[in-house]
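For the sequence shown, our numbering gives the first residue as 1, with consecutive numbering after it.
What follows is a short report on a single structure.
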Amino acid sequence: MFGHYIIDSYQDVKLESLPVAETFCLSIDKSERYEILEKPMFGQILVRNVEGVLSKLDRNIIVRRGGNLSRGPDGNTQSKVALATFPVGHYVNFRTMRVSNKERGYVFAFGGDEQTTPHFMRYSGLTGAAINSMLFNNFLVDALQSVDFVARFNLYSKETNWSNGEVVQRGTGANYGKDGFLRPGFTIEHGVDYLYSKITEYEESNQDLDEVLSRDWKIKFAASMIPRGLELNEVFISSLQVSIRNSIFKKLISEVTSEMIEDTDALVERLMTTRKALVTENPNIGTEEHWDAVADVVTNSGLESNILYAKKCEQNLHQVITFAQQLYRDNARISSQGYVNQPKSVDSIIDSFAVEAQNFANSLNQSATLLATSVALRLLDKQDSADGGDNEDSASTIYS
C-alpha cells in the first residue's frame, strides 16, 4: 500500500524501503522520476521511468520518495494546478439588463455566466447561459418587429429572473445545503443591494414593485436571513427588522451621496437628523409612516424615487419574513425544496438535461448520416437502372 504525499520527500532512504507503485527519484540525480513495478524478496527491483522504459535498480540504492500529485507533460515537474484551493459560490447579477438610453433603446446586458452561475460546473449553469442567450436574441428579434422597448424589457426581465432563480436553485438543490453543498448565504447589506437594484429594474421595466421577489426567490432570501426554528422568535424577528431598516437607510445615504446634486452634505445631515428623531420618538414606527417622514426631507430635490425604492425594499423584505413564518406553520421549510416541491428539470424519465442535450445532438447527427446514406443509395440505384446495372460507372458518376 502506498501513501498519498503532497510534496517530494527530502529524506534519503534505500529503494527497498518503498512499496510497489511508489514513485521516487535518485538522490544523486533528481531530474528523472521512477515508479516501482515489481519488488522481489531478493535481488534487483524492477522500475520504469515516466517514458515507460524498464530497468532494474539495486535494492540498496539511495533514493527520495516522490510526491504523487499530478505531474506536468514531462512527468517529472509538478503540475501548477496539481493542488489548488479556490472559493466557490453562486453568482447572480443584480440586474438582468441596465438601461443606458431609454429613448434610443440602448441597454447594457449581462450574458451567460456573467448573468448567473452556480458553484463549479452544475448543469444548471450551462442551461442558464443557453437560456440567457436565447432570451437576449428574442429581445433583439422583437426590436426588429417594432415591439415597444418597455414591453421587451419587461418580458426579458421576467424570464431572465426566472432562469436566474432556477440556476441557483439547481445549484443548491435544497436551498439548505443538503444535496447541493452550498446554501444561499449573504449579509443583509448585500441582500439589500441586490433588492434595491432589482426594484430599480422593475420600475424601468414597468413591473409591480410590491411583488419583486417570486416564490423561489423568497425561499432563497428566507434561507439566508431566517434560520429554521427562529421564524416565530419575537426577539430575533424584531432585531432582524431593525437591521433591515438600518441597512436600507445606509443604502439610501449611499445613493444620495452618489447623486450629483447641490448641498449633498446638508441633505444627508437632515436625513440623519430625521432618522434619529424617528428612532427616538417611536422605535416601532411602521414602514409607510417611517419612509413618508423621510420623504418630506427630500421634497423637490429629485431624490423622491430613492425614497420609493427604499420603502419598497423594506416592504418586500417584510414579505420574506411573513413568507418564512407561513412556511414554518405549514411545515414546509424542508430540506428538499429543489426536488420535492419542484417538478423535474426536464419532461423525461431521465433527470439530466446535460445528458439529454448531448443525446439530442447525437441523434440529429445520426439522423443526418442515415438520411445522406439513404439518398446516396437511392441515387446509386437510379443510376444503376439508367446504365443497365454498371455499378462501376454509376459509382464514379455519383462520387466524382
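For each residue, glycine too, the CB sits at the ideal point set by N, CA and C.
- Query: Near L232, which residues of its chain fall below 8 Å by C-beta distance, leaving aside the five closest residues on each side in sequence?
  - Reply: Q325, Y328
- Task: Return the bridge partner residues of R245 from the DSSP annotation.
- Result: In DSSP, R245 forms no bridge with anything.
- May I ask which residues mark the beginning and end of the beta strand (DSSP E) holding K39? Element bounds for K39: n/a, residue is neither H nor E.
- Would you list the residues sitting across from N49 in a DSSP beta bridge? In the DSSP output, where bridge partners are listed per residue, N49 has Y34.
- Task: Could you pull out every unbroken alpha helix (DSSP H) segment of at least 4 residues lying fully inside the region 288–330, listed in chain order?
- Result: 304–329
- Could you tell me which residues DSSP pairs with T117 in its beta bridges? Y91
- If we call anything under 8 Å between Cβ atoms a contact, is Q11 one with R64? For Q11 and R64, yes; Cβs fall inside 8 Å.
- Whole-angstrom distance between L69 and W162, CA atom to CA atom: 42 Å
- Looking at the unbroken alpha helix (DSSP H) that takes in Y10, where does it start and where does it end? Run containing Y10: none; DSSP gives neither H nor E here.
- Message: I need the DSSP call for R59, collapsed to helix, strand or coil.
- Response: coil
- Let me know the secondary structure DSSP gives D351 once reduced to three states. Because D351 carries a pLDDT of 43, less than 50, the predicted location of this residue cannot be relied on, and no value is offered for it.
- Query: Does DSSP put R215 in a helix, a strand or coil?
  - Reply: helix
- Message: For V13, which residues in the same chain have their Cβ closer than 6 Å to its Cβ, ignoring the five residues on either side in sequence?
- Response: Once the five neighbours on either side are set aside, V13 has no close Cβ partner at all.
- Taking just the CA atoms, how far does G185 sit from S254? 23 Å
- Message: Three or more C-beta pairs under 8 Å: does that hold for the region 307–318 against the region 209–216?
- Response: yes
- Query: Should the region 302–311 be called in touch with the region 240–254, which here means at least 3 C-beta pairs below 8 Å?
  - Reply: These segments touch.
- Query: So what does DSSP say about D29, is it helix, strand or coil?
  - Reply: Strand, per DSSP.
- Query: Taking the continuous beta strand (DSSP E) assigned at V107, which residues delimit it?
  - Reply: Start and end: 106–109.
- Identify which residue in Y106, P40, L54 has its Cα closest to the Cα of R33. Answer by Cα proximity: L54.
- Enclosing alpha helix (DSSP H) for A277 [first to last residue]: 264–281
- Item | Nearest candidate by alpha-carbon position, reference G89, set R215, T369, D113 | D113
- 6 Å Cβ shell around S205 - same chain, five flanking residues per side excluded: F153, N154, S157
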